[in-house]
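Undergrad: Reading the sequence shown from the start, the letters are residues -19 to -1, 1 to 517 in mature numbering (1 follows the signal peptide of the UniProt record, and there is no 0).
Attaching a single structure in structure tokens format; questions to follow.
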Amino acid sequence: MLLSVLLLGVTALTPFVGAQAPTVTAENGVFVGSQTAIPGAPQGVKKFLGIPFAVTPPQRFSAPVKAPASRQVRQATNYGPGCPQIVSGNIPGRIKPLPVTPPPDSEDCLYANVYVPAGRAPLGGYPVMFWIYGGGFQFGGSSNPAYDGSYLAANHSVVVVTINYRLNLFGFLGSVPGVKVAELNPGLLDQRLALDWTRANIAKFGGDPDKITIFGESAGAVSVDLLYLTASPLRPPFRGAILQSGGYGLIGDGGALTTPNTTISSAQRLAQAVSCPWDASTLACLRSKSVSELTTASTSIRGSWTPVQDGGVTVPETTGNRIRRLGRGARVPVLMGSNANEAILFTLPTPTLTFTQLFAAVYPELAPYEAEIRAAYPVGGCSVTGCWPSELLAVSQAIGDYIFVCPAARSASASAKSLVNTYRYLYNRTEPTLPPPLNRAAFHAAEVPLVFGTQDGSGGPTQAAVSQFMMKTWTDFAKNPESPGIRRYTGVSLLKEILQIGGPANPLGGSQVDITVVDAYCRIFDKVYDQTDPAR
């Protein structure tokens, strides 16, 4: 989510001087991009930025509409605006000085970016990697320097597509009089239309539409999982999926899944805050308000805007793991994983957080298991993911396991047991150059710049080596999801190891780690998950 915390500066890319600008004729226009040299890469990259994939601006709170056919020539050398943002006030103070400034935003925001290797495309085209960013469905954008696909494209011969989608109340307003059930999640519909545009047009850029891998982090991984779970098992629009620190379990399967009825509260309070009635005219009234009026009101009422159940259009009507166990959804290989110390980034703003507060106010469903959790995470204790010398770090580790690590274990097992090729990883690299306690934690989103090769370089050769390992692992999966060169995960005792990235056994790359150690505490949290997803 907060990927820019790691980006103090990305190596400058050098445009080719005097080179003929690359030009592509797509269904909805003729796009003139740019060609750039990548230092140290075997080839350059052709970049096409700010390509509209829908009629833009979209009608507020409605499904996006496919961009019409056109032969208009458009310059594709600059990113489009980001969608309206609601940036969390909980960005830790110690990382606020870093560039986490949201991009210029506008409701005219439904744009895609395409990064293409500058070399000769293979017969049939390059594999395609389709990225969906995180940000809790509240903020984010494809122009974030962390998501620059140039390095993946130039070094590993894949086409990278990054997209914008509507966020917060503009993408997930929920149930309001006049909103169709099938359009309750415009933000997710934006993602699907962008994927449709990619399938229809990527061959013109040199990509293979039959070799698309979707990948995302945090809310982006939730989005990837929702695409995965609601796709046709016969012909899904992608052939592989990568979930980084997220999945449907973050909002469903015992998570905070929002139903249309529960969203009425936020929407009603929003309407009241901007002096709109709650009747047949509500939608028109909300559409008449300015972006700033709505975002200011949302902040004041602490509105909650996340995907809602919509009759199965974009969000399943049952748990994700039940779908996996039954062999429904996309029957394509999946790589999923989490970071060793996910939650430290979120607990830093509350340095006095205690287990007592955790059970009383944050996750009261864990209260019946207080004694077990305290015993499992003693102050001064350690595990394969590190040590927690303070109560804050112990609480952070428990939250990270509960929200990220153990749901990934559960989903991976359900997927593997339904005979889908499943691969699982644990990112466990720390960055000593960061301020404490981040310097001793593989926190949420820490891996993303390394996946894209956009890290700032402050970590030296070790950081660079891990980045090269991750870029190769991710692109090997995109090139051949059935056999990407890493060990398949079965979720049963026949194979008890998963891929650990950057851990003490191999700080420069990958090693195998026993799942019974990584998932040691999941037996506690399984008791909570089983209440909403009983069959395993």
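Ideal Cβ positions, reconstructed from N, Cα and C, are used throughout, including at glycine.
Treat the numbers as computed from the prediction; the structure is a model and nothing was measured.
With 16 other CB atoms within 10 Å as the buried threshold, where does Glu323 fall?
TA: buried
Undergrad: So, for Gly484: in the same chain, excluding its five sequence neighbours on each side, which residues have a beta-carbon less than 7 angstroms away from its beta-carbon?
TA: Excluding residues up to 5 positions away in sequence, Asn409, Ser492, Val494 lie with their Cβ nearer than 7 angstroms to the Cβ of Gly484 in the same chain.
Undergrad: Between which two residues does the beta strand (DSSP E) containing Gly188 stretch?
TA: Per DSSP, Gly188 is one residue of the beta strand (DSSP E) stretching across 188 to 198.
Undergrad: What are the start and end residues of each continuous alpha helix (DSSP H) run of 4 or more residues lying completely inside the segment 100 to 138, in chain order?
TA: 131 to 137
Undergrad: Taking 8 angstroms as the cut-off, decide whether the C-beta atoms of Ala393 and Tyr470 are in contact.
TA: yes
Undergrad: Nearest to Gly221 by CA position, among Pro465, Asp507, Leu489, Gln512, is which residue?
TA: Pro465
Undergrad: Should Asn182 and Ala7 be called a contact, given that it needs their Cβ atoms to be closer than 8 angstroms?
TA: yes
Undergrad: Kindly indicate which residue of Gly21, Asn9, Pro85, Pro39 has the alpha-carbon position closest to the one of Ala57.
TA: Asn9
Undergrad: With distances taken from CA atoms, which of Asn487, Pro45, Ser285, Ser269 is nearest Arg250?
TA: Nearest C-alpha to Arg250: Ser285.
Undergrad: Buried or exposed, going by whether 16 or more other CB atoms sit within 10 Å of the CB of Val109?
TA: buried
Undergrad: For Cys266, which of helix, strand or coil comes out of DSSP?
TA: Looking at Cys266 - three-state DSSP - the assignment turns out to be helix.
Undergrad: With a Cβ-Cβ cutoff of 8 angstroms, do Gly292 and Leu210 count as a contact?
TA: no
Undergrad: For the candidate residues Thr333, Gly434, Tyr60, Gly152, whose alpha-carbon lies nearest to that of Gln449?
TA: Gly434
Undergrad: Run the CB neighbour count on Glu298, radius 10 Å, all protein chains shown included, and call it buried at 16 or more, exposed below.
TA: exposed
Undergrad: Tell me which same chain residues have a C-beta within less than 6 angstroms of the C-beta of Asp129, skipping the five on either side of it?
TA: Thr435
Undergrad: So, Gly122 versus Gly63, is the Cβ gap smaller than 8 angstroms?
TA: yes
Undergrad: For a test of your reading of the model: does the CB of Pro3 fall under 7 angstroms from any non-hydrogen atom of the ligand ADP? Yes or no.
TA: For the structure depicted, the ligand ADP is absent and the ligand set is empty, with no information on it obtainable.
Undergrad: Which residue from Tyr96, Gly61, Asn487 puts its Cα closest to that of Thr179?
TA: In terms of Cα proximity to Thr179, the closest of Tyr96, Gly61, Asn487 is Tyr96.
Undergrad: Along the alpha helix (DSSP H) that carries Trp455, what are the first and last residues, could you check?
TA: Run containing Trp455: 441 to 460, per the alpha helix (DSSP H) assignment.
Undergrad: To the nearest angstrom, how far is it from the Cα of Val498 to the Cα of Ser51?
TA: Distance between the alpha carbons of Val498 and Ser51 is about 56 angstroms.
Undergrad: Could you pull the DSSP bridge partners for Tyr406 from this structure?
TA: Gly318, Leu480
Undergrad: If you draw a straight line from the C-alpha of Asp507 to the C-alpha of Leu275, how long is it?
TA: Spanning the two alpha carbons is a distance of roughly 39 angstroms.
Undergrad: Relative to the alpha-carbon of Arg147, which residue among Thr287, Gly308, Leu334 has its alpha-carbon at the smallest distance?
TA: Thr287
Undergrad: What distance in whole Å lies between the Cβ atoms of Ser399 and Gly308, which are believed to be in contact at a cut-off of 8 angstroms?
TA: 5 angstroms
Undergrad: Buried or exposed for Glu372, please, with buried defined as at least 16 other CB atoms from any protein chain shown within 10 angstroms of its CB.
TA: buried
Undergrad: Would DSSP call Asn71 helix, strand or coil?
TA: Because the pLDDT of Asn71 is 45, which lies under 50, any placement of that residue in the model is unreliable, and the number read from its coordinates should be weighed accordingly. Correct three-state label for Asn71: coil.
Undergrad: Straight-line CA distance for His425 to Ser226?
TA: 7 angstroms
Undergrad: Skipping 5 residues on each side, what residues in its chain have a beta carbon closer than 7 angstroms to that of Gly187?
TA: Val97, Ala102, Gly106, Tyr107, Val140
Undergrad: Among Arg41, Gln16, Ala311, Glu164, which has the Cα closest to the Cα of Ser87?
TA: Arg41
Undergrad: Could you spell out where the beta strand (DSSP E) holding Ser392 opens and where it closes?
TA: Counting along the chain, Ser392 falls outside any beta strand (DSSP E), though it belongs to the alpha helix (DSSP H) covering 387 to 398.
Undergrad: Taking the alpha helix (DSSP H) that Pro430 falls in, what are its first and last residues?
TA: From DSSP, the alpha helix (DSSP H) with Pro430 extends over 429 to 433.
Undergrad: Under a three-way DSSP split, which group does Tyr470 fall into?
TA: coil
Undergrad: Note down the Cα distance separating Pro85 from Ala163, rounded to an integer number of angstroms.
TA: 30 angstroms
Undergrad: Since Ala93 and Val142 should fall inside the 8 angstroms C-beta cutoff, what is the C-beta to C-beta distance between them, to a whole number of angstroms?
TA: 6 angstroms
Undergrad: Based on Cα-Cα distance, which residue from Leu169, Ser247, Gly362 lies nearest to Cys281?
TA: Checking the sequence, you will find Ser at residue 281 rather than Cys. Ranking Leu169, Ser247, Gly362 by Cα distance to Ser281 puts Ser247 first.
Undergrad: Quick check on the burial criterion: 16 or more other C-beta atoms within 10 angstroms. Buried or exposed for Thr295?
TA: Looking at its Cβ environment, which holds 16 or more other Cβ atoms inside 10 Å, Thr295 is buried.
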